[in-house]
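Reviewing the structure listed below.
Residue numbers (the numbering used here): 12 to 134.
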């Protein structure tokens, strides 16, 4: 994506944030005690979705999961929130290279840890 103009790269990254939200929603639904996250549709509402992901971070601490798995899932959720916050910063201040890099790295962490969590939970 680094060969794309910043605006196109940003659009692709926003789509990745949306895809990863769908993934973490599916993971949360498949937990031993399912956690439902609000759907992300046309009427996307950060004021609803971000607190719901944060609530899930808190709930997984008491989930009957291996400690490492719960910790990794907590990191997945936190990195998704971080990516979402960076999107808000780009919307406010523009697609500076360091903001796009930070968004890339947050999404890389979400992707990598989500794969491990999915494997550990046999999803």
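For each residue, glycine too, the CB sits at the ideal point set by N, CA and C.
Since we're looking at a predicted model, the values are computed, not measured.
Who are the near neighbours of residue i in its chain, counting only those whose CB is closer than 8 Å to its CB and skipping five residues on each side?
i: residue 86; result: 120 and 124
i: residue 127; result: 83
Identify, in the order they occur along the chain, each residue of the same chain with its Cβ nearer than 7 Å to the Cβ of residue i, setting aside the five sequence neighbours on each side.
i: residue 11; result: Here the chain has residues from 12 to 134 only, and residue 11 is not among them.
i: residue 49; result: 59, 60 and 63
i: residue 88; result: 35, 64, 67 and 68
i: residue 92; result: 61, 64 and 65
On the CB-based measure, 16 or more other CB atoms within 10 Å of its CB, does residue i come out buried or exposed?
i: residue 70; result: exposed
i: residue 84; result: buried
i: residue 57; result: exposed
i: residue 90; result: buried
Going by beta carbon distance, what residues of the same chain come within less than 6 Å of residue i, once the five residues before and after it are set aside?
i: residue 15; result: none
So, helix, strand or coil for residue i, using DSSP?
i: residue 49; result: coil
i: residue 127; result: helix
i: residue 43; result: coil
i: residue 138; result: No answer is possible for residue 138: it lies beyond the span of the chain, which begins at 12 and ends at 134.
i: residue 19; result: helix
Please list the segments of the alpha helix (DSSP H) lying wholly inside the region 56-116, counting only runs of 4 or more residues, in order along the chain. 57-71 and 78-104
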